[in-house]
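Protein chains in written order, with this note's numbering: chain R, 4 to 160; chain X, 4 to 160.
Cβ coordinates follow ideal geometry from the N, Cα and C atoms, glycine included.
Right, one structure below, let's go through it.
There are 2 protein chains.
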Amino acid sequence: MSMLAIKSRATYLTEMTPLPPPDMLCFALYSTAHRMQQTYKPLLAPLGLTYPQYLLLSALWSEDARTVGALGRELQLESNTLTPLIKRLESKGLVQRTRDTGDDRQVRVTLTDSGRALQAEAAHIPDCIARETGMAPDDLTRLRDEILALRNRLSST
Amino acid sequence: MSMLAIKSRATYLTEMTPLPPPDMLCFALYSTAHRMQQTYKPLLAPLGLTYPQYLLLSALWSEDARTVGALGRELQLESNTLTPLIKRLESKGLVQRTRDTGDDRQVRVTLTDSGRALQAEAAHIPDCIARETGMAPDDLTRLRDEILALRNRLSST
DNA sequence: GTAATATTTATCGTGTGCGATTTAATTGCG
DNA sequence: CGCAATTAAATCGCACACGATAAATATTAC
Numbered sequence: 004m005s006m007l008a009i010k011s012r013a014t015y016l017t018e019m020t021p022l023p024p025p026d027m028l029c030f031a032l033y034s035t036a037h038r039m040q041q042t043y044k045p046l047l048a049p050l051g052l053t054y055p056q057y058l059l060l061s062a063l064w065s066e067d068a069r070t071v072g073a074l075g076r077e078l079q080l081e082s083n084t085l086t087p088l089i090k091r092l093e094s095k096g097l098v099q100r101t102r103d104t105g106d107d108r109q110v111r112v113t114l115t116d117s118g119r120a121l122q123a124e125a126a127h128i129p130d131c132i133a134r135e136t137g138m139a140p141d142d143l144t145r146l147r148d149e150i151l152a153l154r155n156r157l158s159s160t
Numbered sequence: 004m005s006m007l008a009i010k011s012r013a014t015y016l017t018e019m020t021p022l023p024p025p026d027m028l029c030f031a032l033y034s035t036a037h038r039m040q041q042t043y044k045p046l047l048a049p050l051g052l053t054y055p056q057y058l059l060l061s062a063l064w065s066e067d068a069r070t071v072g073a074l075g076r077e078l079q080l081e082s083n084t085l086t087p088l089i090k091r092l093e094s095k096g097l098v099q100r101t102r103d104t105g106d107d108r109q110v111r112v113t114l115t116d117s118g119r120a121l122q123a124e125a126a127h128i129p130d131c132i133a134r135e136t137g138m139a140p141d142d143l144t145r146l147r148d149e150i151l152a153l154r155n156r157l158s159s160t
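Here it is as structure tokens:
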């Protein structure tokens with residue numbers, strides 16, 4: 004048996020150059036994140052929301068009336084992404100954008116009644132997603148934390 | 004101590020509605036995948052490549068001269084994404100698109116000399132990324148496989 | 001108090017992803 | 001053979017992400 008044949012997959016992961024995409028950790032993240040969005044799509048379509056829009060509303064449902072900057076820190080997005088996203092939610096009548104009293108540079112994003120009402124219509128989604136993964140809650144939490152640990156190691160922000 | 008206070012995080016993950024984004028598994032995937040692309044960016048910039056372009060070339064470096072459909076199955080992308088992506092690589096002179104002899108519907112994507120040469124210039128990248136994660140090869144492989152297991156459970160394709 | 005600096009958000013251009021549809025070619029079935 | 005059904009790519013439109021930059025306001029230094 005050759006040396007190559009007995010190499011562990013772990014060794015293979017760092018030594019082979021280049022790996023095909025299916026073996027790359029980055030591709031696992033990339034393709035699974037996209038698949039997750041596909042899983043959300045049929046659940047969000049009845050609410051007329053995209054996945055990033057749902058994330059932004061989830062942030063506001065947890066804590067309303069935050070500035071663009073504060074939302075960006077939570078969602079890890081910059082104003083060049085957030086401003087158009089928030090404006091689309093505003094045009095749907097779900098949020099309102101108002102200049103902060105005291106600091107006119109800041110824009111505060113606030114849920115409308117309609118935006119708050121949507122929370123109830125979205126309440127079933129987390130359970131639906133958990134069910135689709137077919138994984139135990141403990142496993143989901145553990146995997147989430149391992150992925151976040153990786154993100155934090157890559158973190159420049 | 005209230006019942007709520009002693010709930011495990013796992014219970015919390017499925018019971019609280021809605022979770023704030025930082026607690027959502029989907030958001031861990033979403034934000035970590037984006038962070039990973041940010042990590043690749045300075046390594047790919049000298050080669051003039053974006054991250055999806057690098058993925059496509061990696062696929063071809065593993066197995067050249069494949070059809071759009073075959074590449075799509077590997078990268079989990081449809082022709083509406085792939086066709087423009089491949090055309091941008093073609094305009095950089097890295098790949099060539101030719102109609103298949105025998106089935107004129109299929110387009111075969113082949114590396115040019117220049118595209119093949121780029122493999123050597125990208126050879127250091129996997130190790131750079133592995134180093135940036137600060138994780139042991141075994142851990143990287145295990146995490147990759149857990150993420151892929153999740154993707155496969157979500158898989159409709 | 002004012003000029004320099006910093007902070008916050010917005011704007012613009014490019015490159016994805018993807019739903020929906022179209023075009024072109026092949027296959028299957030009588 | 002003849003033609004409907006299928007398949008492979010491409011096209012179009014929309015919504016992100018993000019680098020680079022600009023515009024507006026606030027803070028700091030002097």
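Chain-ordered chain X contacts of residue i [CB-CB under 9 Å]
i: Pro-45 (chain R); result: The premise fails here: Pro-45 (chain R) is roughly 10 Å from chain X at the closest Cβ pair, so nothing lies under 9 Å.
i: Cys-131 (chain R); result: Per Cβ cutoff of 9 Å: no residues; Cys-131 (chain R) is ~11 Å from chain X at best.
i: Glu-135 (chain R); result: Arg-156, Leu-157
Contacts of residue i in chain R (Cβ-Cβ under 9 Å)
i: Ser-158 (chain X); result: Arg-38
Among the options, the one whose alpha carbon lies nearest that of residue i
i: Arg-76 (chain R); options: R:Glu-93, R:Leu-92, R:Arg-91, R:Leu-58; result: R:Leu-58
i: Ala-68 (chain R); options: R:Asp-116, R:Asp-141, R:Asp-130, R:Ala-133; result: R:Asp-116
i: Thr-104 (chain R); options: R:Thr-70, R:Pro-25, R:Gln-56, R:Pro-23; result: R:Thr-70
i: Glu-93 (chain R); options: R:Gln-109, R:Leu-60, R:Ser-82, R:Ala-123; result: R:Leu-60
i: Ala-123 (chain X); options: X:Arg-134, X:Cys-29, X:Leu-50; result: X:Leu-50
i: Leu-28 (chain R); options: X:Thr-42, X:Leu-22, X:Asp-26, X:Met-27; result: X:Thr-42
i: Asp-130 (chain X); options: X:Leu-143, X:Tyr-33, X:Phe-30; result: X:Leu-143
i: Gly-118 (chain X); options: X:Gly-96, X:Asp-106, X:Asn-155; result: X:Gly-96
i: Lys-44 (chain X); options: X:Ala-125, X:Gly-137, X:Asp-141, X:Thr-101; result: X:Ala-125
i: Leu-88 (chain R); options: R:Tyr-54, R:Ala-120, R:Ser-65, R:Asp-107; result: R:Tyr-54
i: Ala-133 (chain X); options: R:His-127, R:Ile-128, R:Arg-154; result: R:Arg-154
i: Glu-66 (chain X); options: R:Gly-72, R:Val-110, R:Pro-24, R:Gln-109; result: R:Pro-24
i: Trp-64 (chain X); options: R:Ser-34, R:Thr-84, R:Leu-22; result: R:Leu-22
i: Leu-80 (chain X); options: R:Ser-34, R:Glu-135, R:His-127; result: R:Ser-34
Cross-chain neighbours of residue i in chain R, by beta carbon under 8 Å
i: Gln-79 (chain X); result: Ser-34, His-37, Arg-38
Contact with chain X by residue i, beta-carbon distance below 7 Å
i: Ala-31 (chain R); result: yes
i: Pro-23 (chain R); result: yes
i: Leu-28 (chain R); result: yes
i: Ala-8 (chain R); result: Low local confidence applies: a pLDDT of 39 at Ala-8 (chain R) is under 50, so the model's placement there is unreliable, with the coordinate-based value given in what follows. Not an interface residue.
i: Ala-48 (chain R); result: no
i: Arg-12 (chain R); result: Low confidence applies here, because Arg-12 (chain R) scores a pLDDT of 42, under 50, leaving its location unreliable; read the following figure in that light. Yes - at least one Cβ of chain X is within 7 Å of the one on Arg-12 (chain R).
Supposed contact pair residue j and residue i - C-beta distance, whole angstroms, cut 8 Å
i: Val-98 (chain R); j: Thr-113 (chain R); result: 6 Å
i: Ala-62 (chain X); j: Leu-78 (chain X); result: 6 Å
i: Met-172 (chain X); j: Leu-146 (chain R); result: Residue numbering for chain X in the displayed model covers 4 to 160; residue 172 (chain X) lies beyond these limits and cannot be assessed.
i: Leu-151 (chain X); j: Ala-31 (chain R); result: 5 Å
i: Gln-109 (chain X); j: Gly-72 (chain X); result: 7 Å
i: Ala-36 (chain X); j: Ala-120 (chain R); result: Rounded, the Cβ-Cβ distance is 31 Å, inconsistent with contact.
i: Thr-100 (chain X); j: Gln-56 (chain X); result: For clarity, residue 100 (chain X) is Arg in the given sequence; the question names Thr instead. In fact, because the Cβ distance is near 15 Å, the residues do not count as touching under 8 Å.
i: Ile-161 (chain X); j: Leu-46 (chain X); result: Residue coverage of chain X in this structure runs from 4 to 160, which leaves residue 161 (chain X) outside it and unanswerable.
Any C-beta of chain R under 7 Å from that of residue i
i: Ser-5 (chain X); result: Here Ser-5 (chain X) scores only 39 on pLDDT, less than 50, and its place in the model should not be relied on; the value that follows carries that caveat. Chain R, which has no Cβ nearer than 7 Å to the Cβ of Ser-5 (chain X), makes this no.
*Scan the segment 138–154 of chain R for residues whose Cβ lies nearer than 9 Å to a Cβ of chain X and list them as they occur along the chain.*
Met-138, Ala-139, Pro-140, Asp-141, Asp-142, Leu-143, Thr-144, Arg-145, Leu-146, Arg-147, Asp-148, Glu-149, Ile-150, Leu-151, Ala-152, Leu-153, Arg-154
*When Cβ atoms are compared, which residues of the segment 53–85 of chain X fall closer than 7 Å to chain R?*
Leu-58, Ser-61, Ala-62, Trp-64, Ser-65, Glu-77, Leu-78, Gln-79
_Taking beta-carbon pairs under 8 Å, can you tell me which members of the segment 102–124 of chain R lie near chain X?_
Gln-122
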